[in-house]
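> This is the structure, below, for whatever I ask next.
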Amino acid sequence: MSLPVDMEQDGAVAREDGAVAREDEAVAREDGAVAREDADPTLMYRIERPVYNETSIRSQLLSRKTNSTTFKERLANHFRCSSAKAKAVALSSMPILTWLPSYPVKQYLFSDVVSGLSTGIVQLPQGLAYAMLAAVPPVYGLYSSFYPVLLYTFFGTSRHISVGTFAVISLMIGGVAVREAPDSMFQLLPVNGSNMSAIVDTDARDARRVQVAVMLTTLVGIIQFVFGLLRFGFVAIYLTEPLVRGFTTAAAVHVFISQIKYLLGVKTQRFSGPLSVIYSAKAVFTDITSTNVATLLLGLACVIVLYSIKDMNDRFKKKLPIPIPGEIIIVIVSTGVSYGLSLSADYQVDIVGNIPTGLLPPAAPDFSLLPNLITDSFALAIVGFSMDISLAKTFALKHGYSVDGNQELIALGLCNFISSFFQTFVVSCSMSRSLVQESTGGKTQIAGLLASLVVLLVVVAIGFVFQPLPQTALAAIIMVNLLGMFKQFRDIPNLWRTTKIELVIWLVAFVASVLLGLDFGLLVAIVFAILTVIYRTQSSKSAVLGYVPGTGLYCDVDEYEEAVEYEGIKIFHLNASIYFANSDLYVNSLKEKTGVSPENLQAARKARKKQEKANGNHNADLTICVKEEHRNGPSGDRSAESNTEEVVHLKSPSTVHSIVLDWTPVSFVDSVGAKAIKQVIKQYAEVDVQVVIAACSRVVLADLDTLQFFTGDMTTDMVFPTVHDAVLHCTSPRPTAAPANELAR
Numbered sequence: 091m092s093l094p095v096d097m098e099q100d101g102a103v104a105r106e107d108g109a110v111a112r113e114d115e116a117v118a119r120e121d122g123a124v125a126r127e128d129a130d131p132t133l134m135y136r137i138e139r140p141v142y143n144e145t146s147i148r149s150q151l152l153s154r155k156t157n158s159t160t161f162k163e164r165l166a167n168h169f170r171c172s173s174a175k176a177k178a179v180a181l182s183s184m185p186i187l188t189w190l191p192s193y194p195v196k197q198y199l200f201s202d203v204v205s206g207l208s209t210g211i212v213q214l215p216q217g218l219a220y221a222m223l224a225a226v227p228p229v230y231g232l233y234s235s236f237y238p239v240l241l242y243t244f245f246g247t248s249r250h251i252s253v254g255t256f257a258v259i260s261l262m263i264g265g266v267a268v269r270e271a272p273d274s275m276f277q278l279l280p281v282n283g284s285n286m287s288a289i290v291d292t293d294a295r296d297a298r299r300v301q302v303a304v305m306l307t308t309l310v311g312i313i314q315f316v317f318g319l320l321r322f323g324f325v326a327i328y329l330t331e332p333l334v335r336g337f338t339t340a341a342a343v344h345v346f347i348s349q350i351k352y353l354l355g356v357k358t359q360r361f362s363g364p365l366s367v368i369y370s371a372k373a374v375f376t377d378i379t380s381t382n383v384a385t386l387l388l389g390l391a392c393v394i395v396l397y398s399i400k401d402m403n404d405r406f407k408k409k410l411p412i413p414i415p416g417e418i419i420i421v422i423v424s425t426g427v428s429y430g431l432s433l434s435a436d437y438q439v440d441i442v443g444n445i446p447t448g449l450l451p452p453a454a455p456d457f458s459l460l461p462n463l464i465t466d467s468f469a470l471a472i473v474g475f476s477m478d479i480s481l482a483k484t485f486a487l488k489h490g491y492s493v494d495g496n497q498e499l500i501a502l503g504l505c506n507f508i509s510s511f512f513q514t515f516v517v518s519c520s521m522s523r524s525l526v527q528e529s530t531g532g533k534t535q536i537a538g539l540l541a542s543l544v545v546l547l548v549v550v551a552i553g554f555v556f557q558p559l560p561q562t563a564l565a566a567i568i569m570v571n572l573l574g575m576f577k578q579f580r581d582i583p584n585l586w587r588t589t590k591i592e593l594v595i596w597l598v599a600f601v602a603s604v605l606l607g608l609d610f611g612l613l614v615a616i617v618f619a620i621l622t623v624i625y626r627t628q629s630s631k632s633a634v635l636g637y638v639p640g641t642g643l644y645c646d647v648d649e650y651e652e653a654v655e656y657e658g659i660k661i662f663h664l665n666a667s668i669y670f671a672n673s674d675l676y677v678n679s680l681k682e683k684t685g686v687s688p689e690n691l692q693a694a695r696k697a698r699k700k701q702e703k704a705n706g707n708h709n710a711d712l713t714i715c716v717k718e719e720h721r722n723g724p725s726g727d728r729s730a731e732s733n734t735e736e737v738v739h740l741k742s743p744s745t746v747h748s749i750v751l752d753w754t755p756v757s758f759v760d761s762v763g764a765k766a767i768k769q770v771i772k773q774y775a776e777v778d779v780q781v782v783i784a785a786c787s788r789v790v791l792a793d794l795d796t797l798q799f800f801t802g803d804m805t806t807d808m809v810f811p812t813v814h815d816a817v818l819h820c821t822s823p824r825p826t827a828a829p830a831n832e833l834a835r
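The numbering of the sequence shown is my numbering, which starts it at 91 and goes up by one.
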């Protein structure tokens, strides 16, 4: 039975269509495979080149650029004035000029107004309270909350920090003021020889303490400004975060203890210097029976209310448009209660007292106080700047802009120096106010400017309203605001789990600052932090590296099973630079870790010569026993950890013929380190062990050239750009070594 021609043709076409469809499907699968390969490619590292040493690199690959500019021309270019350079200097000196012309009024102004008013409301009671810490009348805290904030608007680079009075700085100022103007200097003898105790002339005492604080502020401003001009903004890196947090926690303890007497209404002497915390606590609790009950009750009520408000702000911060201003509520209510109930007259509750209206005219500081304040001014300058730059960098990172540490130093210096002529004390930035300014939507320093205007309004118009304000209310404000600093005790368990050295830095900064005072405590903490750096260089980890087959990688043979040593080659690695403090450590670790001691090998040679001379046979292949240190045994044997008695052939006293020094972590070498390396290379050369240097950076090579390291037997032929180059060089005379064949492939 035959099919019609048309049907046969249709079947053939169908078969052809099916084949085409199968081919399309195959092509689609291939395309999919290619797409997958393109989507997830495996990068390959393939290169074939000769083994380079430093001599071949300098002669064939690299040549230094010639600088035809003379020193005189470079100096002239540096000091040449142009419109572009003048504009750049103006913009860097006054950062407000960079953002104010393009200030988006519709987007930022309302947020800055709300933030400025909120921050100003918080700044007002804090200025009054922190003036007590600084041992000056409260109105000077208001002055210090106006002038510096106004100036920082023009010179500062951070858009979110709130400059002004700060608890730690104020307490340090108070310690200096009390030391330079103690109560004993202003005691008035009783009239007519009566048995009454001496009376302190508080007006004269306060005036003298203001002079001390003002002169201290002038010095701090000069120091910070000069440091900024000299580009010393980097000094903040020496104040590590654990050090700063331990120090500020100790300062919180000082501040808390100092405010207990105001909370209780107890009259005690103010102490400063070492063990001042212990003396202050002892004085308060010794005289605790004289507690003013009305003062205590009012203070505790303020603490409870303010703590509740702050807790509410934290719990509902996402729902509240602006934080509830607890401080100003406490100030207004306690002032009204004090005035209405006549707490000062009827219950002997201490109040703020006279707040003069208006601003003081400018006046020069008393420079006769300068010699006694220089040391304290350096401590205040460093602490103030460290607090400023740490908070500024935190907010800058969060909001995506940058701050200039040197310009921050200049800004703080100008704020303190210029403001000191208007009777202010040293300022920095406040963590609590900065958080208020940022959380209420502040976008720029316009918020800080408005906050200063709020304080100005109080100073020139309504300052007298706060004269009945109880001091116990200010003490409550200070104590509650310390809670954030006391939470830093949580650092201890975290640091215990992560880094013990930073935990010790934290504890030393805390204990030293509590017991010795903030100034000496800071000095001890900085010295200890520097000593930890030296300790880390002295306890650097050393290793003998081995080759990971098929990778070109070299890893610690004690740590990784895949790492295999080359026969006759030791690759030494120490995670430190080589300088005067650890050059001996480097050499000793090299001899110990590689197990190859030139001294022992020299002793073996001398013993061999004596043995040959005694036997009268200079060609005999005799053996002797030599005690040789082996931290790592030959290839594949990593268990030889102790000194062992080994048989050493007279004609081949060491199985190691080459040592490679991996200088990957070496960032600098000084003259002492260079001499130590040259000496140890010569020692190994005397016992037929060649030493080569690998992975040395170009900067370190330039240092070695300057130190004239490559003289005599020391040439650039012994320096290789990578460990792999050095190993290939060491294995080339011995092609029978097993790993060398793999390397050659």
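We put the beta carbon where it would ideally sit given N, CA and C, even for glycine.
Source: prediction; values computed, not measured.
May I have the straight-line CA-CA distance separating A775 from D646, to the nearest angstrom?
Taking the straight line joining both Cα atoms gives about 25 Å.
> If you reduce the DSSP assignment to three classes, tell me which class Y644 lands in.
Of the three classes helix, strand and coil, the one that applies to Y644 here is strand, per DSSP.
> On the CB-based measure, 16 or more other CB atoms within 10 Å of its CB, does S428 come out buried or exposed?
Flag for S428 reads buried.
> With burial defined as no fewer than 16 other Cβ atoms inside 10 Å of the residue's Cβ, what is the status of D778: buried or exposed?
It counts as exposed.
> According to DSSP, simplified to helix, strand and coil, what is Q438?
Looking at Q438 - three-state DSSP - the assignment turns out to be coil, as it is neither helix nor strand.
> What does the Cβ neighbour count give for F315, buried or exposed, with the cut at 16 atoms within 10 Å?
Under this definition F315 is a buried residue.
> Just to confirm my understanding: we take A537, look at its own chain, exclude 5 residues before and 5 after, and list those with CB closer than 7 Å. What are they?
Excluding sequence neighbours, A537 sits near D202, S205, G206, T209 and Q527.
> With C-beta atoms as the reference, is L232 less than 7 Å away from V549?
Yes. Within cutoff.
> Excluding the 5 residues flanking Q561 on each side, which residues of the same chain have their C-beta closer than 6 Å to its C-beta?
For Q561, where only same-chain residues beyond five positions count, the Cβ hits under 6 Å are Y352 and D440.
> Can you give, in chain order, each stretch of the alpha helix (DSSP H) that sits fully within the segment 661-697 and has at least 4 residues?
Correct list: 673-684.
> Does DSSP classify I749 as helix, strand or coil?
If DSSP states are grouped into helix, strand and coil, I749 belongs with the strands.
> Examine the ligand MG and report whether any of its heavy atoms sits within less than 6 Å of the Cβ of D293.
This structure does not include the ligand MG; it has no bound ligands of any sort.
> Going by DSSP, what residue range makes up the alpha helix (DSSP H) through Q527?
Counting along the chain, the alpha helix (DSSP H) containing Q527 begins and ends at M521 to S529.
> Cα-Cα, which of L664, I624, T243 and E651 is closest to F670?
The residue with the shortest Cα to Cα distance from F670 is I624.
> To the nearest whole angstrom, what separates the beta carbons of P185 and I567, a pair I think is in contact under 8 Å?
No, P185 and I567 are not in contact; Cβ-Cβ is about 32 Å, not under 8 Å.
> Here's the rule I'm using: 16 or more other beta-carbon atoms within 10 Å means buried, otherwise exposed. How should E498 be labelled?
With 16 or more other Cβ atoms within 10 Å, it is buried.
> Is the distance from the Cβ of A63 to the Cβ of I420 below 7 Å?
Only positions 91 to 835 of the chain appear in the structure, and residue 63 is not among them; the question remains open.
> With DSSP as the reference, label P238 as helix, strand or coil.
In this structure, P238 counts as helix in the three-state DSSP scheme.
> Do you know whose CA, among L396, Q557, D296 and V813, lies nearest K660's CA?
If we check each option's Cα against that of K660, V813 comes out closest.
> Alpha carbon to alpha carbon, what distance is there between G448 and P455?
Cα to Cα, the separation comes out at about 20 Å.
> Determine whether the beta carbon atoms of A764 and A784 lie at a separation below 7 Å.
For A764 and A784, no; Cβs fall outside 7 Å.
> Pull up the distance between the alpha-carbon of S492 and that of L481, whole angstroms please.
Using only the alpha carbons, I get a separation of about 12 Å.
> Taking its Cβ as the centre, do 16 or more other Cβ atoms sit within 10 Å of H168, making it buried, or is it exposed?
Exposed, because fewer than 16 other Cβ atoms sit within 10 Å of the Cβ of H168.
> If you measure between the beta carbons of V604 and V258, is that distance less than 7 Å?
No; because the gap between Cβ atoms is not below 7 Å, this pair is not in contact.
> How should W753 be labelled, buried or exposed, when 16 other C-beta atoms within 10 angstroms of its C-beta is the threshold for buried?
Buried is the call here.
> Taking the alpha-carbon of C505 as reference, which of L309, A294 and G217 has the nearest alpha-carbon?
C505 has its Cα closest to that of L309, out of L309, A294 and G217.
> In angstroms with no decimal places, state the Cα-to-Cα distance between S424 and S434.
C-alpha separation (whole angstroms): 12 Å.
> Only counting the same chain, and skipping five residues up and downstream in sequence, which positions put a Cβ closer than 8 Å to that of S182?
Here the set comprises D494 and Q497.
> Within the continuous alpha helix (DSSP H) that includes G206, where are the two ends?
Its alpha helix (DSSP H) spans residues V195 to L223.
> Looking at the secondary structure, which residues open and close the beta strand (DSSP E) in which G633 lies?
The question names Gly, yet the displayed sequence has Ala at residue 633. Residues S632 to V638.
> Report back the beta-carbon spacing between G416 and K400 to the nearest angstrom; my notes put them in contact at under 8 Å.
Between K400 and G416 the Cβ distance is about 6 Å, and since that is below 8 Å, they are a contact.
> To the nearest angstrom, report how far apart T376 and Q359 are at their CA atoms.
Cα to Cα, T376 sits roughly 12 Å from Q359.
> Please report the distance separating the alpha-carbon of S748 from that of T132.
Taking the straight line joining both Cα atoms gives about 36 Å.
> Are G636 and V654 closer than 7 Å when you measure CB to CB?
The answer is yes: Cβ separation under 7 Å.
> Name, in chain order, the residues that DSSP records as bridge partners for F810.
Per DSSP, A784.
> Using the C-alpha atoms, what's the distance from S667 back to L621?
Going from the Cα of L621 to the Cα of S667 covers about 16 Å.
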